[in-house]
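Working notes, structure below.
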Amino acid sequence: MERIPILQMGDFLLVTIQVDMHDQLALTLQDDLSERISQISARGVLIDISALDMVDSFIGRMIGMISGLSRIMDAETVLVGMQPAVAITLVELGMTLPGVSTALNVERGMTLLRARAASQ
Amino acid sequence: MAALHQRTVNLLKKSDVELAVRWMADLEASGSTRNLKVDDIKQQMAEFLRLLNAIANDGGSQTVGSAQGDEVRQFLEKLSQQRALVGQDAQQTAYFIFSLKGPLFALLQTEYSDDASLLAEQLWELSQLLDTLGMHTIRTYQKSREAVIKRQQEELLELSTPVVKLWDGVLALPMIGTLDSQRTQVVMESLLQRIVDTGSEIAIIDITGVPTVDTLVAQHLLKTVTAIRLMGADCIISGVRPQIAQTIVHLGLDLQGVVTKANLADALALALRRLGVTVAKASV
Numbered sequence: 001m002e003r004i005p006i007l008q009m010g011d012f013l014l015v016t017i018q019v020d021m022h023d024q025l026a027l028t029l030q031d032d033l034s035e036r037i038s039q040i041s042a043r044g045v046l047i048d049i050s051a052l053d054m055v056d057s058f059i060g061r062m063i064g065m066i067s068g069l070s071r072i073m074d075a076e077t078v079l080v081g082m083q084p085a086v087a088i089t090l091v092e093l094g095m096t097l098p099g100v101s102t103a104l105n106v107e108r109g110m111t112l113l114r115a116r117a118a119s120q
Numbered sequence: 001m002a003a004l005h006q007r008t009v010n011l012l013k014k015s016d017v018e019l020a021v022r023w024m025a026d027l028e029a030s031g032s033t034r035n036l037k038v039d040d041i042k043q044q045m046a047e048f049l050r051l052l053n054a055i056a057n058d059g060g061s062q063t064v065g066s067a068q069g070d071e072v073r074q075f076l077e078k079l080s081q082q083r084a085l086v087g088q089d090a091q092q093t094a095y096f097i098f099s100l101k102g103p104l105f106a107l108l109q110t111e112y113s114d115d116a117s118l119l120a121e122q123l124w125e126l127s128q129l130l131d132t133l134g135m136h137t138i139r140t141y142q143k144s145r146e147a148v149i150k151r152q153q154e155e156l157l158e159l160s161t162p163v164v165k166l167w168d169g170v171l172a173l174p175m176i177g178t179l180d181s182q183r184t185q186v187v188m189e190s191l192l193q194r195i196v197d198t199g200s201e202i203a204i205i206d207i208t209g210v211p212t213v214d215t216l217v218a219q220h221l222l223k224t225v226t227a228i229r230l231m232g233a234d235c236i237i238s239g240v241r242p243q244i245a246q247t248i249v250h251l252g253l254d255l256q257g258v259v260t261k262a263n264l265a266d267a268l269a270l271a272l273r274r275l276g277v278t279v280a281k282a283s284v
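Protein chains in written order, with the numbering used here: chain A, 1 to 120; chain B, 1 to 284.
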């Protein structure tokens, strides 16, 4: 079955979404990610959606839920690389993803994660 | 419904020169020939009379909308476009067609002086035909005017949304004019694209040039701010004038979570502070 790879970088997990997200894939990712976070007791999760150029309300909600569950499991989540079109779509759909940290690219997201982890 | 009589069609064909002369006199008397060359008008008249003949021969007002009326419709479209370009108004443009009625009716009256009922019938038919043609002229005139307005609107839209780089990592967007949904969309798209292109972390939206802020404008601003945040950049709104601040409070708008500053300088100072940049006076 198709899966989105979850990479480990020290205490952090890196999820790069390179393919079009469909509903089943998003659900699988949610399961896999929560599993991995508890396995390695990750301090932070970085989700890179720079290759994602289409979203619907379901995927938007999944992104919100993934960051919510990571936070509950004590891992900071940063969403990076959102495309302008995706941002506009989410806003028009009324999904402002409150409480989700964002950054422009992976590098800045990593810096943000490290700063957050260090301050805890 | 009664169609145009063959006698009328023949009459039209026979007396086109005479018609053109009287038509021209009527047009000049009404002042609808301003900004136009007399030769052009004469040529257009001759062309229109020829087409009128053809359409009268083909059955009158019902044919204007069909395939046989293609030629006359195209002629009228070209005519009204040309009139719109030289700055004639809708009335003057339509009068070109309607002023033909006078000479035509006079002609019919002398032709059918012996038969009143036939005269009335033919007058009605001809009047309908000219009305249809005149209405088509006005419609296309309106369309070409609308096309001009639309083009200008689009140009204005592009002109009024420049995204400027204030500092390395700081973009500014000076908004001028009223914010509507369409403009917000264009502004949002160009700003977000620039954020991606330049990798800027802070965007300043300056609303000094926005005359009024109502609930709709505030909603548009909030949408833009949220979209910028989703992309991972920060947004500062600057240029909130006292009256606008009062309006926002009176309307009970919720701008929480949005950083606002009174002017662009304050916003830039805040942006620099966030970037960890200090500006100091050079010691002389």
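Virtual Cβ for every residue (Gly too), placed ideally from N, Cα, C.
Which bits of chain B does residue 97 of chain A rub up against, with CB to CB less than 9 Å? 226, 229 and 230
Who are the near neighbours of residue 75 of chain A in its chain, counting only those whose CB is closer than 7 Å to its CB and skipping five residues on each side? 37, 42, 43, 44 and 45
Exposed or buried, what is residue 103 of chain B when buried is set at 16 or more other beta-carbons lying within 10 Å of its beta-carbon? buried
Helix, strand or coil at residue 178 of chain B according to DSSP, with G and I counted as helix: coil
Reduced DSSP secondary structure (H/G/I, E/B, other) of residue 1 of chain B: With a pLDDT of only 43 at residue 1 of chain B, under the threshold of 50, the placement of this residue in the model should not be trusted; the figure read from the coordinates follows. Looking at residue 1 of chain B - three-state DSSP - the assignment turns out to be coil, as it is neither helix nor strand.
According to a CB-to-CB cut-off of less than 7 Å, which residues of the stretch 73 to 94 of chain A neighbour chain B? 80, 82, 84, 87, 88, 90 and 91
Using beta-carbon positions only, say whether residue 89 of chain A and residue 55 of chain A come within less than 8 Å of one another. yes
Given residue 47 of chain B, which residues of its chain have a CB within under 7 Å of its CB, disregarding the five upstream and five downstream residues? 75
What are the boundary residues of the alpha helix (DSSP H) that includes residue 244 of chain B? 242 to 251
Distance, Cα to Cα, residue 61 of chain B vs residue 156 of chain B? 42 Å
Which residues bound the alpha helix (DSSP H) around residue 225 of chain B? 215 to 231
According to the neighbour-count rule (16 or more other Cβ atoms, all chains shown, within 10 Å of its Cβ), is residue 136 of chain B buried or exposed? buried
Could you name the residues that DSSP lists as bridge partners for residue 171 of chain B? B:165 and B:203
Chain-order list of residues whose beta-carbon lies under 6 Å from that of residue 339 of chain B (same chain, five-residue window excluded): Lying before the first or after the last residue shown, residue 339 of chain B is absent from chain B, which here runs from 1 to 284.
Report the CB separation of residue 237 of chain B from residue 258 of chain B in whole angstroms; it is logged as a contact under 8 Å. 6 Å
Quick one: residues in its chain with C-beta nearer than 8 Å to the C-beta of residue 138 of chain B, no 5 flanking neighbours on either side, listed in chain order? 80, 90, 93 and 94
Spell out whether any CB of chain A is found under 8 Å from the CB atom of residue 272 of chain B. no
Taking Cβ positions, are residue 195 of chain B and residue 173 of chain B nearer each other than 8 Å? no
Could you please tell me which residues of the stretch 198 to 214 of chain B, in chain order, have their CB closer than 7 Å to any CB of chain A? 199 and 201
Quick one: is residue 151 of chain B buried, meaning 16 or more other Cβ sit within 10 Å of its Cβ, or exposed? exposed
Just to confirm my understanding: we take residue 1 of chain B, look at its own chain, exclude 5 residues before and 5 after, and list those with CB closer than 7 Å. What are they? Model confidence at residue 1 of chain B stands at a pLDDT of 43, short of 50, so the residue's coordinates are unreliable; what they give is reported in the following sentence. Excluding sequence neighbours, residue 1 of chain B sits near nothing in its chain.
Measure the alpha-carbon distance for residue 98 of chain A versus residue 165 of chain B and round it to whole angstroms. 28 Å
Under three-state DSSP, which class holds residue 115 of chain B? coil
Tell me which residues share the same chain as residue 7 of chain B and place their Cβ nearer than 6 Å to its Cβ, disregarding the 5 neighbours each side in the sequence. none
Locate the beta strand (DSSP E) running through residue 89 of chain A, then write down its first and last residues. Run containing residue 89 of chain A: none in the beta strand (DSSP E); it sits in the alpha helix (DSSP H), 84 to 92.
Which runs of the beta strand (DSSP E) at least 3 residues long sit entirely within the stretch 36 to 99 of chain B? Give them in chain order. none
Whose Cβ in chain B lies nearer than 9 Å to the Cβ of residue 104 of chain A? 195, 196, 199, 200, 201, 231, 232 and 233
Measure the CB-CB distance between residue 125 of chain B and residue 36 of chain B and report whether it falls below 8 Å. no
Cβ neighbours of residue 187 of chain B in the same chain (closer than 6 Å, five flanking residues each side left out): 161
Kindly say whether residue 189 of chain B, judged by its beta-carbon, lies nearer than 8 Å to any beta-carbon of chain A. yes
Mind checking the stretch 42 to 66 of chain A against chain B and listing, in chain order, the residues whose C-beta falls within less than 7 Å of any C-beta there? none
For the stretch 57 to 75 of chain A against the stretch 25 to 39 of chain A, do three or more pairs of beta-carbon atoms, one drawn from each stretch, fall closer than 8 Å, so that the two count as touching? yes
One question on the structure: do residue 116 of chain A and residue 232 of chain B come within less than 8 Å of each other, judged by their Cβ atoms? no
What residues are listed by DSSP as bridge partners for residue 259 of chain B? B:236
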